[in-house]
Amino acid sequence: MTLWKHYHTPSTLDEALALLASYDGRARIVAGGTDLLLDIRHGHVPPQEALIDVTCIDGLNTMRLDGDTLLIGAGVTHSQIVGSDTLASRATCLVESCGVVGGPQVRNVGTLGGNVAHALPAGDGTTSLVALDAEVEVVHQGERRWLPIGELFLGPGVSLLDPTRDILVQFRVRLCGPREATAFKRIMRPQGVALPILGCAAWLRLDEAGERCEDARVCIGPVAKVPARATAVEEALRGAPVDEAAIERAVGAAHESLSPRTSKYRATAEYRQEMADVLLRRVLPLAAERARTGQAVPEGVGME
Ligand SMILES: Cc1cc2nc3c(=O)[nH]c(=O)nc-3n(C[C@H](O)[C@H](O)[C@H](O)COP(=O)(O)OP(=O)(O)OC[C@H]3O[C@@H](n4cnc5c(N)ncnc54)[C@H](O)[C@@H]3O)c2cc1C
Numbered sequence: 001m002t003l004w005k006h007y008h009t010p011s012t013l014d015e016a017l018a019l020l021a022s023y024d025g026r027a028r029i030v031a032g033g034t035d036l037l038l039d040i041r042h043g044h045v046p047p048q049e050a051l052i053d054v055t056c057i058d059g060l061n062t063m064r065l066d067g068d069t070l071l072i073g074a075g076v077t078h079s080q081i082v083g084s085d086t087l088a089s090r091a092t093c094l095v096e097s098c099g100v101v102g103g104p105q106v107r108n109v110g111t112l113g114g115n116v117a118h119a120l121p122a123g124d125g126t127t128s129l130v131a132l133d134a135e136v137e138v139v140h141q142g143e144r145r146w147l148p149i150g151e152l153f154l155g156p157g158v159s160l161l162d163p164t165r166d167i168l169v170q171f172r173v174r175l176c177g178p179r180e181a182t183a184f185k186r187i188m189r190p191q192g193v194a195l196p197i198l199g200c201a202a203w204l205r206l207d208e209a210g211e212r213c214e215d216a217r218v219c220i221g222p223v224a225k226v227p228a229r230a231t232a233v234e235e236a237l238r239g240a241p242v243d244e245a246a247i248e249r250a251v252g253a254a255h256e257s258l259s260p261r262t263s264k265y266r267a268t269a270e271y272r273q274e275m276a277d278v279l280l281r282r283v284l285p286l287a288a289e290r291a292r293t294g295q296a297v298p299e300g301v302g303m304e
């Protein structure tokens, strides 16, 4: 089976957009190909007249520090994320999530942009970017603009982007400052290689005394059709000391507000619900401890 006829490696965004326009819907963006090529092989996406590879585009395969913000090109691989000292210390959850994607071969070619553009509510990199409140720069319907990441997702596997015409360009992540920290953990089938049973990322900011939670952002996935913040869990944390009682209130809020579904390949809804409790009890104290001490060393990277 021929998966594509022509393969292009443009070096500028304009060149890539012109190529997409010239194929008029018969060509599609590819990055690492770890999702797309399987989708074509399994018949979920039709064979393509052409693939337009975005990983050689200037600026899409690099990261750039701009004050307290890191700009991450959509074509940056999971391995590049794992190798970033800045992300390890100041956006630790992203390193922890990209560090467990697939195995080393997948992480070496699979990209953060591909993870997000695939729009699955279980995507590991996506879960952390939502908790980090990342923004995404896109070229959509010919217009280049920034959006909050949440606005990108329309349904399972469906995003605002038409991959035959639009391009996800880069992410903007505000790095953790004093008394802020993040953590990510996931539950995976022991024999699993793709997508977790459940993942959870949290960002916390503590007060001056390092006791109360001033602000919180939490993303648990998959528990809905699109990756989204667990706002009831966040509400249960804000203003309270990050102690056992607050964490149990957060667990209670997760029970009341989240509705994971049963997946025949991964887990039942009930099991996922229980795992949400487990993950919150692991992730929240870890993020709080990192925020208190100002020390964050990614855990679990490359272990699965
Ligand atoms: C063995 C294996 C294990 C895996 N394990 C995990 C895992 O543990 N966790 C996890 O989250 N995922 C996992 N994945 C899925 C996949 O590797 C990741 O989602 C990866 O980040 C996808 O990136 P990619 O560059 O390969 O995307 P591609 O396959 O190149 O593209 C994916 C989709 O996004 C579109 N696209 C890509 N880049 C852009 C862009 N810049 N602009 C617009 N559209 C774009 C493509 O057209 C396509 O529709 C696994 C996959 C495999 C094969």
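Under the working numbering, the first residue of the sequence shown is numbered 1, with each subsequent residue one higher.
We treat Cβ as the ideally placed atom computed from N, Cα and C, and that holds for glycine.
Should residue i be listed as close to ligand 1, given that the test is whether its C-beta is under 7 Å from any heavy atom?
i: Thr-62; result: no
i: Asn-115; result: yes
i: Gly-305; result: Any answer about residue 305 is impossible in this case: the structure gives the chain only from 1 up to 304.
i: Thr-9; result: no
i: Ala-287; result: no
i: Thr-12; result: no
i: Ala-74; result: yes
i: Gly-123; result: yes
i: Leu-132; result: no
i: Asp-166; result: yes
i: Arg-28; result: yes
i: Val-101; result: yes
i: His-140; result: no
i: Leu-36; result: yes
i: Gly-150; result: no
In this structure, does DSSP put residue i in helix, strand or coil?
i: Met-275; result: helix
i: Tyr-7; result: strand
i: Gln-80; result: helix
i: Gln-48; result: strand
i: Ser-259; result: coil
i: Val-301; result: coil
i: Cys-56; result: coil
i: Leu-204; result: strand
i: Val-242; result: coil
i: Asp-66; result: strand
i: Glu-237; result: The amino acid at residue 237 is misidentified as Glu; the sequence shows Leu. DSSP places Leu-237 in helix when its eight states are reduced to three.
i: Asp-215; result: strand
i: Ala-296; result: coil
i: Arg-189; result: coil
i: Pro-156; result: coil
i: Val-308; result: Residue 308 is absent from the model: the chain starts at 1 and stops at 304.
i: Val-226; result: coil
i: Leu-198; result: strand
i: Pro-148; result: strand
i: Thr-34; result: coil
i: Gly-103; result: coil
i: Gly-221; result: strand
i: Thr-126; result: helix
i: Arg-90; result: helix
i: Arg-266; result: coil
i: Ala-181; result: strand
i: Gly-114; result: helix
For residue i, collect the residues of the same chain with a Cβ closer than 6 Å to its Cβ; drop the 5 residues on either side in sequence, then sort them by chain order.
i: Arg-261; result: Ala-269
i: Ser-79; result: Arg-107 and Asn-108
i: Val-30; result: Leu-36, Leu-51 and Asp-53
i: Leu-129; result: Ile-149
i: Arg-186; result: Pro-196 and Gly-199
i: Ala-232; result: Ala-253 and Ser-257
i: Pro-156; result: Lys-225
i: Asn-115; result: Gly-123, Gly-125 and Thr-126
i: Val-45; result: Asp-39
Taking 7 Å as the limit between beta carbons, can you name the residues of its chain near residue i, skipping five residues before and five after?
i: Pro-241; result: Glu-211 and Arg-212
i: Arg-90; result: Leu-175 and Cys-176
i: Leu-9; result: Note that residue 9 is Thr in the sequence shown, not Leu. Once the five neighbours on either side are set aside, the close Cβ partners of Thr-9 are Asp-53 and Cys-56.
i: Ile-72; result: Met-63, Leu-112, Gln-170, Phe-171 and Val-173
i: Ser-11; result: Cys-56, Ile-57 and Asp-58
i: Lys-5; result: Glu-49 and Ala-50
i: Ala-134; result: Ile-149, Phe-171, Arg-172 and Val-173
For residue i, I'd like the list of residues in its chain whose CB is within less than 8 Å of its CB, leaving aside the five on either flank, ordered along the chain.
i: Ala-288; result: Ala-181, Leu-204, Leu-206, Cys-213 and Val-242
i: Pro-285; result: Val-242 and Ile-247
i: Gln-141; result: Arg-165 and Asp-166
request  = Please determine if the segment 101 to 112 and the segment 174 to 181 are in contact, where contact requires at least 3 C-beta pairs separated by less than 8 Å.
outcome  = no
query = Are the segment 161 to 172 and the segment 233 to 252 in contact at 8 Å, needing three or more beta carbon pairs?
reply = no
ask   = How do the segment 82 to 92 and the segment 32 to 40 stand: do at least 3 beta-carbon pairs fall below 8 Å, yes or no?
value = no
query = Are the segment 146 to 159 and the segment 64 to 73 in contact at 8 Å, needing three or more beta carbon pairs?
reply = no
query = Looking at C-beta atoms only, is the number of pairs between the segment 216 to 232 and the segment 152 to 159 that lie closer than 8 Å three or more?
reply = yes
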